[in-house]
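Residue numbers (my numbering): 9 to 581. A quick write-up on the structure given underneath.
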């Protein structure tokens, strides 16, 4: 029963009597079953529930909140100078310098509304993010109620209530055994603040300290490169060799999460932490290509690379998550259930030594066959992982030593990636044996074999590969192109990949994504030289992404991505 003042119509019930789900079979039970034995879960729901899911009168608005909002600003300033000197046709030197400043300011916030105005203990209304039916305004820092008890934060109403403007509509979730059900049309929330204020006026922005940050990057670099060509043992060759020196300065501001606040409002801001780092990288590189035969080139390359992280991987902080715990009737607690720690200023960038070689055969101006091999020694890298915390307070500020898993970024300190690749780019007008009617067609395909090792093993004793690296990857595209019309269809495949280590804080419990296929297509037509109309479709087969924990039958979850279609016009002027 929700408790409300007379001005809001007084008390009103929500789901009177409740539902007895998955209890021992009986007249009052609603047993539901889920079959996980296949690639996709299959639900078997009781007939009563199936009937109620299709009846809008069975639905009511229980909770409204606005969280995970952000306002981001970034800029990039660059100044550079380059020059070269040609000694002769076979040798020249190039040199240059570059200075850049890049910054990102990420302000993340929730919205909270002042509820019950002068009837609240502070006289202006308690700030509440979770406007929910099961949230009583009972916290000592701000409360609202009368002699009959504390008021309820969320004002429940039927799904067909006039205030919802007919915005609750049937939706088919596409899950086996689950029928169409009523949901709020996402378009109703296109203007998020206006939607919140429709039901709970006066929403204000509350900074989320753990998710907000500021990162500045200053880089000074210089390079020297020699380009050369000549002949050795009767083979012509071209190439270049050089070195780049980069000095990087990081200025990172993270915000300290302070004491919790009630009703889901983000923790107080307790200050900020400034981190300043500086490191220098010397990065040599060399590329050389030999003309081993007519239309055949043999290429070799070696380099050292440094790749900066996404700036949020340095700046983001701790962002706990909460869920209501009604174990103690009448005194619900929003208990900490986990969270994320997206940034760590001590993380090092990706650094690697790379070696590769390839053999290329050119069949025409737009056609080539190639095979190659590569080896990468990774000195430092970043991967997703989990840590266990027992010291985080619940939303009421009390530490109850709950064991929760926090997803975070983990520094990797070594590993190898090596493999073979083969590819073919074939424009049919380059191939004399193809009929003239196919001259505007072509195919583009490649295959990569890339076993890798992160240096760790999972609970099954298997070597864990580099995260986000698949042992096998293949791509095949067919296209048509003339003076005006371009059409392309592409298939992409990747074998399983490692996604997250130590899942749930359990050492060796690796999360993997099962092998995946994607099919995309696009068509465009140049109406005029400066006017193009186009249609694009991605994930045409509505691929399921399947995730499991170490063992293939230990299902974690599926991601369902719909096919997406885009039509548009491009205009050049």
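Backbone N, C-alpha and C fix where the C-beta goes; we use that ideal spot for every residue, glycine too.
- In the structure shown, residue 269 falls within a coil segment according to DSSP collapsed to helix, strand and coil.
- With a 10 Å radius around the Cβ and a threshold of 16 neighbouring Cβ atoms, residue 268 comes out buried.
- The C-alpha of residue 252 lies about 9 Å from the C-alpha of residue 233.
- Under the three-pair Cβ rule at 8 Å, the region 534 to 548 counts as touching the region 565 to 575.
- Closest in alpha carbon position to residue 67, among 88, 83, 189, 110, is 189.
- Residue pairing for residue 75: DSSP places it in no beta bridge.
- DSSP places residue 82 in the strand class (E or B) of the three-state scheme.
- Boundaries of the alpha helix (DSSP H) around residue 58: 55 to 61.
- Within its own chain, the residues whose Cβ lies closer than 7 Å to the Cβ of residue 98, once the five positions on either side in sequence are excluded, are 236, 237, 238, listed in chain order.
- Residue 499 carries a strand assignment under DSSP once its states are collapsed to helix, strand and coil.
- Here residue 519 carries a strand assignment [DSSP, helix/strand/coil].
- Under the criterion of beta carbons closer than 8 Å, residue 210 and residue 122 qualify as touching, at roughly 5 Å.
- If you check the CB distance, residue 509 and residue 348 do not come in under 9 Å.
- Every alpha helix (DSSP H) of 4 residues or more that sits fully in the region 183 to 207 is shown, in chain order, as 200 to 207.
- Per the DSSP secondary-structure output, residue 556 pairs in a beta bridge with 520, 563.
- Residue 138 carries a coil assignment under DSSP once its states are collapsed to helix, strand and coil.
- The criterion of a C-beta distance shorter than 9 Å is not satisfied by residue 384 and residue 433.
- Annotation: the continuous beta strand (DSSP E) that includes residue 481 extends over 480 to 489.
- Uninterrupted beta strand (DSSP E) stretches at least 3 residues long and entirely within the region 243 to 319 occur at 243 to 265, 277 to 301, 304 to 315, given in chain order.
- At least 9 Å separates the beta-carbon of residue 168 from that of residue 127.
- Per DSSP, reduced to three states, the secondary structure at residue 569 is coil, with no helix or strand assignment.
- Residue 326 sits in a strand when the DSSP states are folded into three classes.
- Close CB contacts of residue 494 within its chain, under the 6 Å cut and outside five residues either way in sequence, are with 532 (chain order).
- Residue environment for residue 64: exposed (fewer than 16 other C-beta atoms within 10 angstroms of its C-beta).
- Straight-line spacing of the CA atoms in residue 521 and residue 378 works out to 30 Å.
- By the neighbour-count criterion, in which 16 or more other beta carbons inside 10 Å mark a residue as buried, residue 326 falls on the buried side.
- Shown here, residue 437 sits in a helix according to DSSP, grouped into three states.
- Judged by DSSP secondary structure, residue 505 falls within the beta strand (DSSP E) whose first and last residues are 505 to 508.
- Within 10 angstroms of the beta-carbon of residue 181 lie fewer than 16 other beta-carbons, which makes it exposed.
- Under a 10 Å Cβ-count criterion, residue 477 is classified as buried, with 16 or more other Cβ atoms of the shown protein chains found around its own Cβ.
- Here residue 191 is near residue 177, since their CB atoms are less than 9 Å apart.
- The C-beta of residue 157 has fewer than 16 other C-beta atoms within 10 Å across all chains shown, which makes the residue exposed.
- The C-alpha of residue 555 is placed about 17 Å away from the C-alpha of residue 513.
- Taking C-alpha positions only, residue 308 is separated from residue 82 by approximately 38 Å.
- Put simply, of 284, 390, 183, 564 the residue whose alpha carbon is nearest the alpha carbon of residue 260 is 284.
- For residue 515, the number of other beta carbons within 10 angstroms of its own is below 16, and it is reported as exposed.
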